[in-house]
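Read through the structure below, which is laid out as structure tokens, and then see the notes.
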Amino acid sequence: MRITVSYPSDIIPNQVKKIRMCWSVKQTKITVLLLLFCSVLCTHAQVCNRCVEMPDSGFISYRLEGEPAHRLFLQEDTLRVKVKGMGLFPPYTLFYVIAQDGCLRRIGMPNAEQTATKGIDIDLPISASLDGKYLKRISDSEIRISGDNRPYFSAQTVKGILNGMDLLWIYDGTMVRDSAVFGKLNKIIKDNVENVQIKILYGKQAYCQYGIAGINGAIIIETKVASRGQNH
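Residues -45 to -1, 1 to 187, numbered by mature numbering (1 follows the signal peptide of the UniProt record, and there is no 0), are exactly what the sequence shown covers, in order.
This is the structure we're talking about:
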């Protein structure tokens, strides 16, 4: 869209430049916020696709940097790990035997150290976090992996806490529980561009701040008006 500014002869060119500059800054801010919101929706869609590809079963945890999406399927004395493909690498599955003391021993593939020595690192982020580690059953909906005591929660439990949503969305301090609200958020940003702040939390950071609800990440949308109200 092209905008032409006409001005009387008594307005000096410098004032016109200021007007054009202010308009340009505002348009840039609107564009940046809308692009950010679109990227947020794309992230949400990717998580939705991941959940469609994998049934609502097994155990999930927060994502670590450089780590592919994966899900643990626990049986009495075996563990199956389904790993989502990344880029040109297809999805694959790892198998483990669970010893009586909870130690995980990989079946049918070299362990993480041997894999790294051979220069094959596609499964290294996952296998390194599981090979030789200890699995502890906390409850029917939670297990822990030794090392950094990483938690894995039942996918059904997570979905129940999120009320069927795939990500934690928070608008002005309140958890968004209705998917119909997403359509309204775009309009909210357009109408309140000067007063909207969007914050995205990933991985362990989101989990540490919001617990199980933040296991897939958190999108926080706040208006400055609401923020000022919370400070008083």
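Think of the CB as a built atom: it goes at the ideal place given N, C-alpha and C, for glycine as much as any other residue.
Would a C-beta distance cut-off of 7 angstroms place residue i and residue j closer than the cut-off?
i      : j      : result
LEU59  : LEU90  : yes
ILE53  : LEU34  : yes
SER109 : SER101 : no
VAL36  : LEU19  : no
ASP86  : ARG61  : yes
Residue i bridges to which residues according to DSSP?
i      : result
SER94  : GLU97
LEU156 : ALA173
MET41  : PHE44
CYS163 : Answer is none; CYS163 lacks a bridge partner.
LEU29  : LEU34
PRO106 : ARG99
LEU59  : ILE53
THR178 : VAL151
Tell me which same chain residues have a C-beta within less than 7 angstroms of the C-beta of residue i, skipping the five on either side of it?
i      : result
ARG92  : ILE98
GLU116 : Sequence inspection shows Ile at residue 116; the Glu mentioned does not correspond to that position. Cβ neighbours of ILE116 beyond the five flanking positions: ILE167, ALA168.
GLY21  : PRO80
LYS142 : none
ASP32  : VAL52, ILE53
Leaving out the 5 sequence neighbours to the left and right, which residues in its chain are closer than 6 angstroms to residue i when beta-carbon positions are compared?
i        : result
TYR47    : VAL38
TRP(-23) : Caution is warranted here: a pLDDT of 46 is assigned to TRP(-23), below 50, making its placement in the model unreliable, and the coordinate value is therefore given only provisionally. Hits under 6 angstroms: none found.
ILE81    : HIS25, VAL38
GLN152   : GLU177
TYR126   : ILE176
GLY128   : none
Can you tell me whether residue i is helix, strand or coil according to DSSP?
i           : result
LYS145      : helix
LEU79       : helix
VAL131      : coil
SER16       : coil
LEU122      : coil
residue 194 : For residue 194 there is no data in the structure shown, the boundaries of the chain being -45 and 187.
LEU117      : coil
Which same chain residues, not among the five before or five after residue i, have their C-beta less than 8 angstroms away from its C-beta?
i        : result
LYS(-28) : Low per-residue confidence applies at LYS(-28): pLDDT is 46, beneath 50, and the placement is therefore not dependable, though the value from the model is reported in the following sentence. Within the same chain, LYS(-28) has no close Cβ partners at all.
LYS88    : CYS58, LEU59, ILE100, SER101, GLY102
GLY158   : TYR17, ARG18, LEU19, GLU20, GLY172
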